[in-house]
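**Student:** Okay, handing you the structure first.
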Amino acid sequence: MKELKIGLVMLTILILVAIFAPYIATKDPYLLNDDLIAEPSAKYIFGTDGLGRDVFSMVIYGTRTSLKIGIFVAAVSSTIGILIGGVAGYIGGKVDRIISEIINIFLMLPTFFITLITIAIYGSSLRNIIIVMALTSWTGTARLMRSQAISLRERTFIKSAQTIGESSISILFKHIIPNGIFPIITNSTMIVSSAILSEAGLSFLGLGDPNVVSWGKIIAHGKTYLPRSWWICTFPGLAIVFTVLSFYLIGEGAHKLLNPKIRTKG
Amino acid sequence: MSSLLEIKDLTKYYVKKKAKNISRNKKKRQIIKAVDGVSFSLESGKVMGIIGESGCGKSTLGRLLIALEEPTSGIVKFQGKSISSRIKEDRLKFRRDCQMIFQNPFDTFDPRNNIKRILTSALKIHNIGSSKEERLDICIKYMENAGVIPAKDYLNRYPHELSGGQLQRISIIRSMLLNPKLIIADEPVSMLDVSVRADIINLLLEITEKQKAGLIFISHDIATTSYISDSIAVMYLGRIVEIGRTYDIINNSKHPYTKVLISNCMSIDPFENSKVIKIKGEPVTPMDAGEGCYFAPRCYKVSEKCKESYPPMIKVGEGHYASCFYLFDGESYLFTQ
Amino acid sequence: MGNYIKKRTITGVLTIVFSFCLTFFLTRCAPGNPVKVLAGADNPNPELIEHLTIRYGLDKSLPVQFVNYVKDVFKGDLGYSYISNRPVTTLIAEKIFPTILLSSTATLLSVVIGTILGIYAARRAGSILDRVMCGISYVFDSLPGFWLGLILILIFASGLGLLPTSGMYDVREDYEGLPKVLDIMRHMILPVSALLIIQTPAYFRVARSSVIQTMSEDFVLTLRATGMSENKIFNKYILRNAIIPTVTIFSSDLAFMVGGVTFVEIVFAWPGMGRLIMEAITRRDYPLLTGIYLMISISICIVMLITDIVYAFIDPRIRLR
Amino acid sequence: MTLLKMQHLNITYKTQEKAIKAVRDFDLNIELQDSMGIVGESGSGKSTLAMAVLQLLPKDITDISGEIIFNGIDLLKLNSEELKGIKWKEIAYVFQKSMNSLSPVHKIGYQLSDVYKVHEPNANKRQIRERVCELFELVNLPSRVYDLYPHELSGGMMQRVSIALSLIYYPKVLILDESTTALDVVTQRQILEEIMKLQEKLNLTRIMITHDVSIVASTCNKIAVMYAGYLLESGYVTDVLHSPKHPYTEELLNSYPSLRGEKGYLKGIPGYLPDLSQEHKGCIFADRCRKAMEKCFYNRPEMVEFSNQWKVACHLAGSEYSE
Amino acid sequence: TNKADEVGNNDGVDEVVKTGEAGDDRAKEGGTFVVSMGREPQTYNPNAYNDDGAYIVIQNIFNKLVKINGYDEIVPDLAKEWEFSEDGTEITFYLHENVKWHDGEDFSSEDVKWTFEQILKEKGFASGSLSDIEGIICPDENTVVMKLSSPNSGILGYIAWFGTYIMPKHIYEGTDWLENPANHKPIGTGPFKFVEHKSGESVTIVRNDDYWGDKPYLDKVVFRIIPEQSTAYQAWLNGEIDHTLNGVPATELSRFENDDNYLIYDKLWPNRGYILFNMKEGKFSDLKVRQAVAYGIDRDEIFTKALKGIGLKAEYFISPLYEWALNKDVKLPERDIEKARALLEEAGYTADENGIYFTTTIDTYPGFDDIVEVLQSNFREFGIDLQHNAMDDPTYDEKVWFGRDFEITMLGGYQGPDISAIGNRFGAGSVMNLGDYNNPRVEELLKEGVIFSAKEDRAVVYKEIQELLAEDLPAIFLYEKGAKIVVNSYVKGYPASAEAVEKASESEFTYVWLDK
Ligand SMILES: Nc1ncnc2c1ncn2[C@@H]1O[C@H](COP(=O)(O)OP(=O)(O)OP(=O)(O)O)[C@@H](O)[C@H]1O
Ligand SMILES: Nc1ncnc2c1ncn2[C@@H]1O[C@H](COP(=O)(O)OP(=O)(O)OP(=O)(O)O)[C@@H](O)[C@H]1O
Ligand SMILES: [Mg+2]
Ligand SMILES: [Mg+2]
Ligand code: NI
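Protein chains in written order, with the working numbering: chain A, 97 to 362; chain B, 36 to 372; chain C, 183 to 503; chain D, 9 to 331; chain E, 488 to 1003.
Structure, rendered in structure tokens:
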């Protein structure tokens, strides 16, 4: 479970950076220094961007935003997906058919477009971005959970829980969901990284939250300076790679930990 | 005196939308007659064995008896009242009175709960015992009675850390905790190693005797069933073809299918050389059983009559019934074969 | 089969109708309207705004607008775009070819490359090569698309001068026939590469893990016991079994192909649907938006139906229910 | 004449945490046209033993030492090319989980003919089909099975397909690993009789792996009792089952209820299979043995051979013999 | 009668600095000029409504009666001469002869009459500014007379500006001008003929060999549509396109400064960015707060950091291009944080522990990100926590333009073609007066401003308006919009170049030739 360990260590580092950002950052990330587009140097570790902001401090503070986006989106969408999929799969019958069709409809919605519209309506605050991403990414989880629930429903231990008199709701929460959740964890780690990337994409289109520093925003800002000022985009880019990698490693590790059948040698 | 459990004309059909091959998707839906008109009754303290080949509807019958599934038609009466009304009145009470021991001990418990939680939660649901400690004490008492000693060793273990035999025992203990009036044991030993089977069987027997509960023992292992039960019902494709006291069924079987089953049983004694009745053909699937006797296509005694209608249940001895047109005249057939 | 298609079509149509209604109201509830955009930001003319509002029926209540629109749709008319005053169908038709050309090439290539690499890595699971490839796949996975596009332009178009930066044709030369095809192919290299780098890791990993999984299945042991050569077992049996998850993600990728790949289209100035959608959104061109949306839903439905059928052919265990 | 001989066979699974000794110091002779039943509790190493014969164990996680001599050749010393000639053609194997023993997405006929082509690359389609149908008939399957997929068959049919597959070259040795345990008595009997007939016709040597002693009793001539990787007792069925010498064999038989006999009290064997990764002293069964003596816990019992190839590894049996 | 060029202003024109030299005079004919543009033309109906993409192409295909040249002067186009009547209520245009439409039909004054009537009838883009036109008469084929309901010295500027291209009557008459197929295959009288529009990709126009005016040198102009500025810039560097209308990224300009292969034209428009306050309600309806903002903003920082030194830092209350009307005594205040804080305290606010008096939100449409970034930093320094609410255009319209739901916002845009345009922004009830600024004296002055026609008279009026604006501070101007246009030196006759600046409109390529 080397992956899991490395991934967790990386995540811990990220979380620590996010918590202690004010102590780690060398400057105020919003401060406009007079050296525009300065190369990395002792004064500005990662250089400055087009408005003279210190890229290092921005990257450090950006950890807060980007991690928040990733983790919240994954948590919210997984919760929705697990509940909806669990109910559909466990109860079955008509409820399942209706929920499945709803999932299908959601699958057919071009999520990107919904994101744009929602942000247009409710504004591009970080909270809205998180909500809309979560609301458009739960379908995968729901489908996974549904199939899990369907197969779990037939398992003897669910029948036996019924026999000793447990109620449906308690079976759903006590047995179906806890037992079906493992493959969903892997899925959720993927949602984390794709949410971080999507936020970068939104920033590129000018739809990110302008009031906070995020890695996506730094890169989107830096793109005009790309030909000659590599540092603006590169460092937040590396931060994204680092984060995505940590979540992938955790996901893969968890997957392996929980699924002894996939056995890699050595 | 009314019996503990009485069932009448119980049926359960499954509708299956089946397309065997994508290109041959003509059949719209198929009806699987998993249980097809079963009646019998059981008294407290007695053991009824149900035998029959795999897929003949034994587990389905078991699930019907305990209201895990809705019957298509027919009535199941428990202590003189139909179980559906019992469930409506007091679900918990009914659940407490009827317990089932499932076919597969490895899958009977939530793999994420430890034994302590598995056992105490059953008590908690039914509000037995006032505190955690009290419930735990009850569990430990039962476990020690059932030979799971020392009980404390097991409490914090998870199901995957126990062997099949141990799990099966826990399963039995859990149903015992609630002092049920009726136990349905669905192939409780088929998954287990020979070396632990005997213990489980003995445990079950002991419990039925002590608590005067009715036990329905489902199995396709004829030897084991005959060892444990007072009476036996033989099922074929969802129907009971013969029912009677154990001795009668084993040594004096009337229905051709019962005879086939019993003669095919292998013995561990290499010198025993019994006659084996051989039959041809695949077991028919419960989907395309025709008009007549379901066993007719494979029966060695078959005649035209068998294919026309299903033979009625006929009394052939004290508490011994069988459904076949040729119950009496074919006695010598077995030996001339 | 026929029955199945009929049934799926009916539910498909229902879902399309439902989601169509949803987006109809969603788009029109979005703040702002196309008319002010048409009037411009400098010195907008209130009379023009009023005039166009009436002309496009935007003064009517939403349900009335909806009924009118649905009536038109039943006449097979998706209406005229507000901003360009051309039929929505024409606008879509113009952009759909480049989009499909780009995304299908990229998707097909990434399926093939990703799967081949995945299989290759799976057979050498645990080796250094396998680890390196997995590592690279993670890194590729975390690259923001637009950034990657610009970098590719900087390296291959500006730095090395090998390829054109953007667009679909060389506008200086009016190529015809084969040279035109080659010209388009040349222009496709960079955008396709960008998409490849983004899409391939998923296929790589799916192929790799499903091959590894299949190799541990029991039937492989049976075949080994018969003395069949490893290569034959692999090529004939493992692959066919391992390919099924790939089909699943391929189908979902395929379904969203017509929607275009906005970042790549913007960065590489590729004339596709993604940009059309963006344009329609930023200008609130309702008929165009609704039309595009309807088309996307329909194509997703069709693709899903087709992949379901393909699926059933690849995996006989999946019964069409 | 000895066809297959295992000598000092040791098989260890190396997992990340521990080494599981699944087969230990195993000696067994199987003679031509024998039908050898290997019985033992689940996990006692029966499947491992059978897989080792065909070298099917994953090489990187298993250690095998000792000899497996087939027709005078040590299979463990052969390279994979040489082994190929023996695999399936000489020794065939019916797997325990026959439900999963064929690829789910290929038709059964296709897979069978593919296997046939492994050693008969020149066979034409018609020949192959004929052969396959012939085999189907042998195991009582309709020929339409040729065009079906594995999931379209019932468990019993699939079991028979596996048997047909194993017979495709009429091998010298047929190993059946719990091949009939999951079937109902009638079908089980049918198949076993089919196989016994074939055995006579084709001069097969058969190894039956099972934990159901009654199957061995009625279909085999010899029996080997395994426990925790060790061979505890082996010999003719008539000898061993009639008057078992090893306490384990005895208890095993006691825990079977008899169909017609007296309803005596059934006795289980208390305790569980020991942890195979642990080193131990003395007799492996000593912990659970009712007759265990002091020395059983310290000295490993020798394999004692009685007349008529009856061998027992027990101190009790040894002393009896020497007395 | 007043001559046109007296109305137009050429006082501020020396802002156009010519950095390059035009080389020899022998212009080469032929060649294809490939330029990039960011937005795709949607319709080639030149007058129906605003389309930034089509605007660039349309100038080369259509003519107006008069047009605006690179010096922001009104110069002849189809009308070779024009004159105002004594009372200022009649304008007579004398048209060029032998003008032909691209399809070969003859052009006549009837086309002009039809076009203007159509614009007014169909409420075309310019109809609001042209509403003073009462009637149009065509005395002969080459003369058009416009009757005005009241004297309006600004109207000629609007006729020259946008949405007033002369359209072919013979093609449009009797049809719905929004759905006429010619909107996608435009027929004009201009120097170039439309060839094709490859959707999403490019627009091609070729030389009109029968052009009535100065014939273009180029054979062909291809407009490549490249939405992303960085991509267009790279394509230009790589020589795939000859010129990028997307603009060269500001940070890259220094590369070209001392390079002989490039010419840089400095351009300044009467276009300025400013902060607009909601005067009716909210925190900024208090003059003290507005003054605090005026003192607290660092316009230098905005100019150097957000604008990278392009254009000008705003100093006055009107665009310095209208120098004749500029009141040099009324200047925006220099930064004084202490004063700003003092003003906020006077307004009754108290600072919290971080020195922040209150929090507010600035609403913007796209394009002001960097500027707002600097503003946020400025505001924080003098005690206001400024949140940024960035919206897309329609959302902004809904909230701010229609809804007037804002406290403070950013606006920019064209403040021409005549100085009277200031009325559109600060006249009570006028379209761009989003802050609902209402000063009766300003209203009076604005009315006077268009009635007078002499510059001296007008200057007095507009100088007083500037004073009032400075007093009331409905807006704080931040910068004058400009550009540094980088052109390859082989591109001669670029609209901003000395050769063409007086004759060509902003993106008109009639005088362009390629010295390759
Ligand atoms: N939920 C279900 N849906 C459809 N068919 C079912 C369902 N449950 C059982 N069946 C079918 O009903 C028949 C009887 O099944 P059942 O499980 O009762 O047999 P059984 O006698 O218990 O077999 P076994 O000995 O293998 O446990 C079978 O053909 C089975 O396929
Ligand atoms: N791949 C493996 N890795 C590690 N241990 C293994 C592996 N396969 C089998 N074992 C262990 O080896 C021992 C013998 O297993 P084997 O499958 O040979 O038993 P068996 O006698 O065939 O049992 P059954 O009757 O259940 O089939 C068991 O303890 C098992 O846990
Ligand atoms: Mg069952
Ligand atoms: Mg085994
Ligand atoms: Ni404009």
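Where a beta carbon is used, it is the ideal one built from N, C-alpha and C, also for glycine.
Please read these numbers as outputs of a predicted model, since none were measured by experiment.
Which class does N56 (chain B) belong to by DSSP, given the choice of helix, strand or coil?
**Tutor:** As a position in the second sequence, residue 56 (chain B) is number 21, starting the count at 1. Low per-residue confidence applies at N56 (chain B): pLDDT is 42, beneath 50, and the placement is therefore not dependable, though the value from the model is reported in the following sentence. Coil, per DSSP.
**Student:** Suppose you measure from the CA of G115 (chain B) to the CA of Q138 (chain B); what does that come to, to the nearest Å?
**Tutor:** On the second sequence, residue 115 (chain B) is found 80 positions in, with the first residue counted as 1. On the second sequence, residue 138 (chain B) is found 103 positions in, with the first residue counted as 1. So the two alpha carbons sit approximately 28 Å from each other.
**Student:** Only counting the same chain, and skipping five residues up and downstream in sequence, which positions put a Cβ closer than 6 Å to that of Y924 (chain E)?
**Tutor:** For the purposes of this step, residue 924 (chain E) is taken as the residue at position 437 of the fifth sequence. The answer, listed in chain order, is M766, F913 and P961.
**Student:** Considering only residues of the same chain and omitting the five flanking positions on each side of E326 (chain B), which have a CB-CB separation below 8 Å?
**Tutor:** Start at 1 with the first residue of the second sequence, and residue 326 (chain B) comes out as number 291. Counting only Cβ-Cβ distances below 8 Å, and skipping sequence neighbours, we find K342, E343, S344 and Y345.
**Student:** To be precise: take each residue of the region 229-261 of chain A, compare its Cβ to all Cβ atoms of chain C, and keep it if any distance is under 7 Å. Which residues remain?
**Tutor:** From the region 229-261 of chain A, no residue has a Cβ closer than 7 Å to chain C.
**Student:** To the nearest angstrom, how far is the alpha carbon of M348 (chain B) from that of G72 (chain B)?
**Tutor:** Indexing the second sequence from 1 puts residue 348 (chain B) at position 313. Indexing the second sequence from 1 puts residue 72 (chain B) at position 37. Their backbone Cα atoms lie some 12 Å apart in a straight line.
**Student:** Between A389 (chain C) and T428 (chain C), how many whole angstroms is the CB-CB distance? I'm expecting something under 8 Å.
**Tutor:** By 1-based counting over the third sequence, the position of residue 389 (chain C) is 207. By 1-based counting over the third sequence, the position of residue 428 (chain C) is 246. That belief holds up - the Cβ atoms of A389 (chain C) and T428 (chain C) are roughly 6 Å apart, short of 8 Å.
**Student:** Is it the case that the CB of L204 (chain C) approaches a heavy atom of ligand 2 more closely than 7 Å?
**Tutor:** Along the third sequence, read from residue 1 onward, the residue named residue 204 (chain C) stands at position 22. Because no heavy atom of ligand 2 lies under 7 Å away, the Cβ of L204 (chain C) does not count as near it: no.
**Student:** Mind checking which residues open and close the beta strand (DSSP E) that includes P626 (chain E)?
**Tutor:** One-based indexing of the fifth sequence puts residue 626 (chain E) at position 139. Start and end: I620 to D627.
**Student:** When the Cα atoms are used, what is the spatial distance from S294 (chain A) to V293 (chain C)?
**Tutor:** Along the first sequence, one-based indexing puts residue 294 (chain A) at 198. Along the third sequence, one-based indexing puts residue 293 (chain C) at 111. For S294 (chain A) and V293 (chain C), the distance between alpha carbons rounds to 22 Å.
**Student:** At a Cβ threshold of 8 Å, is A669 (chain E) touching chain C?
**Tutor:** Within the fifth sequence, numbered from 1, the residue matching residue 669 (chain E) stands at position 182. No, A669 (chain E) lies away from the interface with chain C (no Cβ there is under 8 Å from its Cβ).
**Student:** Is any heavy atom in ligand 7 found nearer than 7 Å to the beta carbon of K54 (chain D)?
**Tutor:** Ligand 7 is not part of the structure shown, which contains ligand 1, ligand 2, ligand 3, ligand 4 and ligand 5 as its ligands.
**Student:** So Y321 (chain A) contacts chain E; which residues on that side make the cut at Cβ distance below 8 Å?
**Tutor:** Here residue 321 (chain A) refers to the residue found at position 225 when the first sequence is read from its first residue. Those within 8 Å of Y321 (chain A) in chain E are P736 and T738.
**Student:** For chain D, check one thing: does any of its Cβ atoms lie closer than 8 Å to the Cβ of V295 (chain B)?
**Tutor:** If you number the second sequence from 1, residue 295 (chain B) lands on position 260. Closer than 8 Å: yes.
**Student:** Which residues of chain H have a Cβ atom closer than 8 Å to the Cβ of L267 (chain D), listed in chain order?
**Tutor:** The chain labelled as chain H is not found among the protein chains of the depicted structure, namely A, B, C, D and E.
**Student:** Do three or more CB pairs link the region 993-1002 of chain E to the region 700-709 of chain E at distances below 8 Å?
**Tutor:** Result yes; three or more Cβ-Cβ pairs closer than 8 Å.
**Student:** Here's a check: name, in chain order, each residue in its chain whose Cβ is nearer than 6 Å to the Cβ of I450 (chain E), leaving out the five neighbours to either side.
**Tutor:** For residue 450 (chain E) there is no data in the structure shown, the boundaries of chain E being 488 and 1003.
**Student:** Just how far apart, CA to CA, sit T175 (chain A) and G87 (chain B)?
**Tutor:** Mapped onto the first sequence, residue 175 (chain A) falls at position 79. Mapped onto the second sequence, residue 87 (chain B) falls at position 52. So the alpha carbons of these two residues sit roughly 46 Å apart.
**Student:** Which same chain residues, not among the five before or five after L64 (chain D), have their C-beta less than 8 Å away from its C-beta?
**Tutor:** Your numbering for residue 64 (chain D) matches position 56 in the fourth sequence. Closer than 8 Å at the Cβ level, and outside the excluded window around L64 (chain D), lie Y101.
**Student:** Comparing the C-beta of S230 (chain B) with each C-beta of chain D, is any distance below 8 Å?
**Tutor:** In the second sequence, the residue the question calls residue 230 (chain B) occupies position 195. Yes, S230 (chain B) counts as interfacial toward chain D.
**Student:** Please determine, among D:Y238, D:T257 and D:S263, the residue with the shortest C-alpha to C-alpha distance to E310 (chain D).
**Tutor:** Against the fourth sequence, residue 310 (chain D) aligns to sequence position 302. Checking every option, the nearest Cα to that of E310 (chain D) belongs to D:Y238.
**Student:** Using a C-beta to C-beta distance shorter than 7 Å, which residues of chain A count as neighbours of L374 (chain B)?
**Tutor:** Given that chain B is displayed from residue 36 to residue 372, the structure contains no residue 374 (chain B) and the question cannot be resolved.
**Student:** Please say whether L244 (chain C) and F200 (chain C) have beta carbons closer to each other than 8 Å?
**Tutor:** Start at 1 with the first residue of the third sequence, and residue 200 (chain C) comes out as number 18. Start at 1 with the first residue of the third sequence, and residue 244 (chain C) comes out as number 62. Contact flag unset, no.
**Student:** Can you list, in chain order, the residues of its chain with a C-beta nearer than 6 Å to that of L933 (chain E)? Leave out the 5 residues immediately preceding and following it.
**Tutor:** By 1-based counting over the fifth sequence, the position of residue 933 (chain E) is 446. Taken in chain order, the residues that qualify are G910 and G914.
**Student:** Give me, in chain order, the residues of the same chain whose beta-carbon lies closer than 7 Å to that of P563 (chain E); leave out the 5 immediate sequence neighbours on both sides.
**Tutor:** On the fifth sequence, position 76 is the one that residue 563 (chain E) refers to. Within the same chain, P563 (chain E) has close Cβ partners V553.
**Student:** With distances taken from CA atoms, which of E:D574, E:A793, E:F679 and E:V693 is nearest K634 (chain E)?
**Tutor:** Walking along the fifth sequence from the start, residue 634 (chain E) turns up at place 147. Closest option to K634 (chain E), Cα to Cα, is E:D574.
**Student:** Using only alpha-carbon positions, find the residue among C:T347, C:E461, C:I474 and C:G300 that is nearest to D879 (chain E).
**Tutor:** Reading the fifth sequence from its first residue, position 392 is the one you call residue 879 (chain E). Of the candidates C:T347, C:E461, C:I474 and C:G300, the one whose C-alpha sits nearest the C-alpha of D879 (chain E) is C:E461.
**Student:** Are at least three pairs of beta-carbons, each pair with one atom in the region 786-803 of chain E and one in the region 828-839 of chain E, less than 8 Å apart?
**Tutor:** Segments in contact, no.
**Student:** At the level of alpha carbons, what is the spacing between L240 (chain C) and R891 (chain E)?
**Tutor:** Reading the third sequence from its first residue, position 58 is the one you call residue 240 (chain C). Reading the fifth sequence from its first residue, position 404 is the one you call residue 891 (chain E). Answer to the nearest angstrom: the Cα atoms are 21 Å apart.
**Student:** What are the residues in the region 122-135 of chain A lying within 8 Å of chain E by C-beta distance?
**Tutor:** Listed by position along the chain: Y126, L127, L128, L132 and I133.
**Student:** Report the neighbours of N215 (chain C) on chain E: residues whose CB is nearer than 8 Å to its CB, in chain order.
**Tutor:** The sequence position of residue 215 (chain C) within the third sequence is 33, counting from 1. By Cβ distance, chain E contributes P881, D884 and E885.
**Student:** Looking at chain B, is there any beta carbon in it that lies within less than 8 Å of the beta carbon of P274 (chain A)?
**Tutor:** Residue 274 (chain A) sits at position 178 when you count from the first residue of the first sequence. Closer than 8 Å to some Cβ of chain B, the Cβ of P274 (chain A) qualifies, so yes.
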